[in-house]
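Worksheet: the structure to be examined is printed underneath.
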Amino acid sequence: MVQPSTVLTISAATAATGILAYAIYFDYQRRADPNFRRNLRREERRQARAEKEEAVAQTKQKRKDIQRAVDQATEEGFPTGVNEKEQFFMDHVQKGELLAADPSNTMEAALAFYKALKVYPTPGDLISIYDKTVDKRVLDVLAEMIAYDKNLDLGGGINLSDLPSAEWANSDGYGTIDWDPPSSEDEVEDEVEDEVD
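For the sequence shown, counting from 1, position 111 maps to 111 in full-length UniProt numbering; every step adds exactly one.
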């Protein structure tokens, strides 16, 4: 009678031998067959192209979502009275801090901070505070919202609409994100390539 451990050992050895044989065959084909190498390179390029197209689509969708959120916030309006502004500011800063704790709520957190920024008397000062206290992923989305809103006066005579483009350097120093909306699909693709590099 054959013991179960013997059957398992033989099965595992057979599977390992099959995997090793395929690895040797694959390596031989890769080295010896030019058509096989060509097909591998083609597949790599096809996969890289698909990833690039996916990244471009995600970037476009993210920008549309940000623009839609800013437009919706503007349509809802902001309080005009001093006490209402103060309460609105406090509520939205608190809401933004709570939402920023969860990475899946990045857009909502940035929108809450953006709304608080809109009613703050000196937005430029508040941006400096946000820069020191808010998580970078939320800050990046907030920066896109600020750049999209051409009516936001940052104080000190600086207005983003006066600048040709605003750039935000990553904290690790690699690449920048262009906040000026691209005018063509080629610009979006170039921008994604710069971010990936």
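Yeah, the Cβ is synthetic: ideal placement off N, Cα and C, and Gly gets one too. Here the structure is a predicted model, which means the values were calculated and not measured.
{"Check": "Might you give, ordered along the chain, the residues of its own chain that have their beta carbon closer than 7 Å to the beta carbon of Asp-162, omitting 5 neighbours on each side?", "Outcome": "The predicted model places Asp-162 with a pLDDT of 40, which falls under 50 and marks its position as unreliable; any figure quoted below should be read in that light. There are no such residues."}
{"Check": "What is the DSSP secondary structure of Gly-77, reduced to helix, strand or coil?", "Outcome": "coil"}
{"Check": "Enumerate in chain order the residues of its own chain whose CB-to-CB distance from Ala-109 is below 7 Å, with the five nearest sequence positions on each side excluded.", "Outcome": "Gly-96, Leu-99, Ala-100 and Val-138"}
{"Check": "Kindly indicate which residue of Ile-146, Tyr-120, Glu-54 and Lys-62 has the alpha-carbon position closest to the one of Glu-86.", "Outcome": "Tyr-120"}
{"Check": "May I have the straight-line CA-CA distance separating Phe-48 from Val-56, to the nearest angstrom?", "Outcome": "Before going on, a small fix: residue 48 reads as Ala here, not Phe. Distance between the alpha carbons of Ala-48 and Val-56 is about 12 Å."}
{"Check": "How big is the Cα-Cα spacing for Glu-53 and Lys-60?", "Outcome": "11 Å"}
{"Check": "For the putative contact between Tyr-148 and Val-93, defined by C-beta atoms under 8 Å, what is the C-beta separation to the nearest angstrom?", "Outcome": "Contact doesn't hold; Cβ gap of about 21 Å is too wide."}
{"Check": "Grab the span of the alpha helix (DSSP H) containing Val-119 for me, first residue to last.", "Outcome": "106 to 119"}
{"Check": "Looking at the structure shown, is Asp-102 part of a helix, part of a strand, or coil, going by DSSP?", "Outcome": "coil"}
{"Check": "Give the single residue among Met-107, Gly-124 and Ala-112 whose Cα lies nearest to the Cα of Met-90.", "Outcome": "Ala-112"}
{"Check": "Tell me the rounded alpha-carbon separation between Pro-123 and Glu-84.", "Outcome": "17 Å"}
{"Check": "Less than 8 Å between the CB atoms is what I'm expecting for Ile-66 and Val-7, so what's the real figure, rounded?", "Outcome": "Wrong, their Cβ atoms sit about 59 Å apart, outside the cutoff."}
{"Check": "Quick check on this structure: which residue in Thr-14, Ser-104, Ala-15 and Leu-40 has the alpha carbon closest to the alpha carbon of Phe-26?", "Outcome": "Leu-40"}
{"Check": "Since Phe-78 contacts Lys-118 with CB under 8 Å, what's their CB separation in whole angstroms?", "Outcome": "5 Å"}
{"Check": "Could you give the distance in angstroms between the alpha-carbon of Arg-37 and the alpha-carbon of Ala-116?", "Outcome": "57 Å"}
{"Check": "Under three-state DSSP, which class holds Gln-3?", "Outcome": "coil"}
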